[in-house]
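Heads up: the protein sequence lines correspond to chains A and B, in order. Read left to right, the first sequence gives residues 96 to 436 (this note's numbering). Read left to right, the second sequence gives residues 96 to 436 (this note's numbering). Yeah, the Cβ is synthetic: ideal placement off N, Cα and C, and Gly gets one too.
Protein chains: 2
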Amino acid sequence: MKKKQNITLKALAKTLDLSISTVSRALNDHPDISWETKERVKTLADKHNYVPNLFASGFRSHRTHILGVIVPNISHYFTTTILKGVLEEGENLGYRVIISESKNDEKKQSEMLRTMVQFGVDGVLMALSRKTKSVDEILKVMNRLPLVMFDKVSGKIPCTEVVINEEEAAYNAVEHLINTGKRRIAIIKETEGSYNSEKRYQGYLRALKEYHIPVDEKIVLSTEDISLAKGRMMANILLSLKTRPDAIFAITDSAAIGVIKALNKFKVKIPEEIAVVGFSNSASSTIINPSLTTVDQPGNKIGRTAVKYLIDEIENPKEDMFSKTIEIKTNLIVRDSSFKA
Amino acid sequence: MKKKQNITLKALAKTLDLSISTVSRALNDHPDISWETKERVKTLADKHNYVPNLFASGFRSHRTHILGVIVPNISHYFTTTILKGVLEEGENLGYRVIISESKNDEKKQSEMLRTMVQFGVDGVLMALSRKTKSVDEILKVMNRLPLVMFDKVSGKIPCTEVVINEEEAAYNAVEHLINTGKRRIAIIKETEGSYNSEKRYQGYLRALKEYHIPVDEKIVLSTEDISLAKGRMMANILLSLKTRPDAIFAITDSAAIGVIKALNKFKVKIPEEIAVVGFSNSASSTIINPSLTTVDQPGNKIGRTAVKYLIDEIENPKEDMFSKTIEIKTNLIVRDSSFKA
DNA sequence: CTGAAAGCGCTTACAG
DNA sequence: CTGAAAGCGCTTACAG
């Protein structure tokens, strides 16, 4: 084994001619210990570069100071911004973070959850994988460990949830289109209403309703596995309609970019003939031409907030579990695809 | 504390009327134990859903089965593909992964390294933060722990390194431009020669040399903190030259995209007047118009390979440290920015 | 084939 | 103010 041993409490105690208990307490600033002793101990510890074996203390105290995070896909830009927030805030509060990818596989998700529990994490942060049918495994884990969910959540799990104001964000996006004079606004959403898709659709409906614009089912399009390619397909469908829409709201940036690519191909003028709005403010939204109007989701803040709530639950355990939803505000970023100055 | 206790060896031993030692050995398939006993033990363990407390065994055996990963920036797409590979292969081999971001801050990087050691990870995987001046801290860690570096490496650290064939990749990219008839090929690289930038520049030089094209310093541009904005600036400079280049090789995709944006703005025909090649095959390379010819870096493979070597070093420790460089092959992806079919 | 016992490095109730 | 001792859950050399 290559691992060189760190200096231990025992060794310190020996050279100081004190008991291990006293050294331990001195290092932990226990009030019982005299100022003098503390000084002596700390000086020697510093000199020898003493670092406590977190493993031993964790084992002893049943606390590992590790948080587990489970996300469907680590390479989504939005996910990485959340993870950044989690890492930063976690570190600030003295926790390390273990990350797992569920790859939108429900079985894998359950497995990971179990491994994390077995591993001894102090709490779990998770975004549900798409199409999670059964939440039994998750509920089981909740009996043992604090759990906070973010982004992709489920009403069936009574825990703290940190999400963005999906409905309002969509409402704002559609309202913006209405304010620029658009009246025939199409939406591209997911077939199997995920939490996010459903909320955004509701925001769309509310905006239309409040501005007394009738809903036309012909321009409400749904697709599975929403993507750039699907966005392009949907745009083709919309272009083939007798009465084309004058705006398209896609509930993801990638679909919106697919839409723009299709419109560009057919030389449809954006935004004059058809305006486009996406959702996420992904990196690509400023690469595409025209640049994409989209909803900025503050991932960092979501991550930080989720961690804060989780650590609070870890450090101040409460007996009863109950749902609590924290909504993080988003911001519509207006670019050329919907408005030309 | 909310944590419900898992069933322990002790409890199992009691109900089976066996010693703890025997139960432990039975579960670990120790050859000494009779087949019958093993069966009895395993059956009961399954029934009670026994999971070993990894923390206790880790503490005992000085092995945590955690790997630490330190990367400069978790939201670079290329980095996430590497991390994916690390997570996948790590999981396969029974390791969990702790991820940290150094944010290209040398001090932070050292801190993280120390925390990881203290924490008890079994090995560390890292990509150096930009402009790392001193490797002392890293060398110190190497005395205690296996270390494997990837992507951003340093010749000063005698450890296994997993990198892509930077020089060859750049050579191939430039050769491709030459093959399409280009002769006046500009390069946009980094000022302070990072490992990657330097290697790519060497590949550029070798290609020119082998095809007997003289190097013209006027079209060898360097910039700090290479980025989209910088790419755009460099393109403007190149456009203002008396004799414009007929191709631009940017050593990152973002710079290449900045170049394309600038060329588009001035209605320069791509690739007829000026061809553009980038490096990374980032998501944006197919969003930009024209789509970007670029070098695909197999991040997943890099991650998997790095983990394999690391775990091998953990499980089969050798006394002497020595450098070993594993090169992963890249692939040039030809798109519209350099060649129109 | 099985068991008793030591020990990993630390914390903490108990005693003085 | 300080110390002796138990114990967290497991593994493993030693003994039989």
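Distance, Cα to Cα, I365 of chain B vs V371 of chain B?
7 Å
With DSSP as the reference, identify every bridge partner of R399 of chain A, one or two as the case may be.
Answer is none; R399 of chain A lacks a bridge partner.
Listed from N- to C-terminal order along the chain, which residues in the stretch 363-383 of chain A have their beta-carbon within a distance smaller than 8 Å of any beta-carbon of chain B?
A378, S379, I382 and I383
Short of 9 Å Cβ to Cβ, which residues in the stretch 406-424 of chain A face chain B?
E408, I409, P412, K413 and E414
For A265 of chain A, report the span of its alpha helix (DSSP H) as first-last.
E261 to N274
With V371 of chain B as the anchor, note down where its beta strand (DSSP E) starts and where it stops.
A370 to V372
Tell me the start and end of each unbroken beta strand (DSSP E) in the stretch 326-373 of chain A that is at least 3 residues and wholly inside, in chain order.
342-345 and 370-372
Say yes only if the C-beta of A324 of chain B is nearer than 7 Å to one or more non-hydrogen atoms of the ligand NAD, and no if none qualify.
Absence of the ligand NAD from the depicted structure is noted, as is the absence of any ligand whatsoever, leaving it without description.
Among residues of its own chain, excluding the 5 on either side of R239 of chain B, which ones have a beta-carbon nearer than 8 Å to its beta-carbon?
V212
Residues near G277 of chain A in its chain [Cβ-Cβ closer than 7 Å; skip 5 each side]
In the sequence on display, residue 277 of chain A carries Lys and not Gly. Hits under 7 Å: D341, A342 and A370.
Would you mind telling me which residues of chain B sit closer than 9 Å to S195 of chain A, beta carbon to beta carbon, in chain order?
L182, E186, R191 and V192
Every unbroken beta strand (DSSP E) inside the stretch 182-264 of chain B [3 residues or more]:
191-196, 218-221, 242-245 and 255-259
Given a cut-off of 8 Å, decide if E262 of chain A and K294 of chain A are closer than it, judged by their beta-carbon atoms.
yes
Classify K294 of chain A as helix, strand or coil using the three-state DSSP reduction.
helix
Output, in chain order, the set of chain B residues within a Cβ distance shorter than 7 Å of Q213 of chain A.
V146 and L149
Contact under 8 Å by Cβ, E270 of chain A with A302 of chain A
yes
For S386 of chain A versus S349 of chain A, is the C-beta spacing smaller than 8 Å?
no
Is the separation between the beta-carbon of T255 of chain B and that of Y145 of chain B shorter than 8 Å?
no
For the stretch 110-131 of chain A, which residues have a beta carbon sitting closer than 9 Å to at least one beta carbon of chain B?
none
Do three or more CB pairs link the stretch 186-202 of chain B to the stretch 236-251 of chain B at distances below 8 Å?
no
At a Cβ threshold of 8 Å, is K99 of chain A touching chain B?
Note that K99 of chain A scores 48 on pLDDT, short of 50, meaning its location in the model is unreliable; the coordinates nonetheless yield the value given after this. Yes, its Cβ sits closer than 8 Å to a Cβ of chain B.
Please list the terminal residues of the continuous beta strand (DSSP E) segment that includes D391 of chain A.
T389 to D391
Bridge partner(s) assigned by DSSP for S375 of chain A
A:D391
Cβ neighbours of V166 of chain A in the same chain (closer than 6 Å, five flanking residues each side left out)
T174 and A222
Any 3 or more C-beta pairs closer than 8 Å across the stretch 333-340 of chain B and the stretch 309-317 of chain B
yes
Taking all protein chains shown into account, decide if K99 of chain A is buried (16 or more other Cβ within 10 angstroms of its Cβ) or exposed.
Model confidence at K99 of chain A stands at a pLDDT of 48, short of 50, so the residue's coordinates are unreliable and nothing is read from them.
Could you list which residues in chain A have their beta carbon closer than 7 Å to that of F154 of chain B, in chain order?
F150, A151 and F154
For my contact list, E196 of chain A and N168 of chain A are in at a C-beta cut-off of 8 Å; report their separation, rounded to the angstrom.
6 Å
Determine, for L178 of chain B, whether the minimum Cβ-Cβ distance to residues of chain A falls below 8 Å.
yes
At which residue ranges does the stretch 107-157 of chain B contain complete alpha helix (DSSP H) runs of 4 or more residues, listed in the order of the chain?
115-122, 130-142 and 149-156
Got a sec? Which residues, its chain only, sit under 8 Å from F417 of chain A by beta carbon, not counting five neighbours each side?
P253
What does S170 of chain A touch in chain B if you count any residue whose Cβ is under 7 Å from its own?
Y172, T175, T176 and K179
Kindly indicate the opening and closing residues of the beta strand (DSSP E) around K413 of chain A.
Per DSSP, K413 of chain A belongs to no beta strand (DSSP E) and is neither H nor E.
What residue range does the beta strand (DSSP E) around I58 of chain B cover?
Any property of residue 58 of chain B remains undetermined from this structure, which presents chain B solely from 96 to 436.
Touching by the beta-carbon criterion (3+ pairs, under 8 Å), the stretch 421-429 of chain B and the stretch 389-403 of chain B:
yes
Distance, N411 of chain B Cα to E131 of chain A Cα:
46 Å
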